[in-house]
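Trainee: First, the structure itself, so that you have it in front of you.
Numbering (my numbering), first residue to last: 119 to 186.
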C-alpha cells in the first residue's frame with residue numbers, strides 16, 4: 119500500500135472511530151467522549167487530506183518527468 123493510500127485508510131478509520139465515540143458520548147451524556155470523538159474525526163480528515171496532497175505531488179512529479 120502506498121503512503122498516500124495508507125494515510126487515506128488511516129484517516130477513514132480515525133473518522134469512523136471518532137464518529138462512534140461522538141455518538142457514544144451523545145447517547146450517554148459524556149461530553150469528554152463526545153469531544154474526543156470530534157478530535158478523532160478531525161485527525162482523520164487531516165490524514166485523508168495529507169494522502170490527497172501526496173497523490174497530487176506524485177502526479178505532478180510524474181507529469182514533469184514525462185514531459186522533460
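Built from N, CA and C at the ideal position, the CB exists for glycine as well.
What's the C-alpha gap between residue 140 and residue 186?
Mentor: Each residue's Cα considered, the two are about 50 angstroms apart.
Trainee: Pull up the distance between the alpha-carbon of residue 166 and that of residue 129, whole angstroms please.
Mentor: One C-alpha to the other measures close to 5 angstroms.
Trainee: What is the rounded straight-line gap between the Cα of residue 146 and the Cα of residue 157?
Mentor: For residue 146 and residue 157, the distance between alpha carbons rounds to 18 angstroms.
Trainee: Taking only the alpha-carbon atoms, compute the straight-line gap between residue 178 and residue 159 and give it to the nearest angstrom.
Mentor: The straight-line gap from Cα to Cα measures roughly 29 angstroms.
Trainee: Express the C-alpha separation of residue 152 and residue 126 in angstroms, rounding to a whole number.
Mentor: Computed Cα separation, rounded: 23 angstroms.
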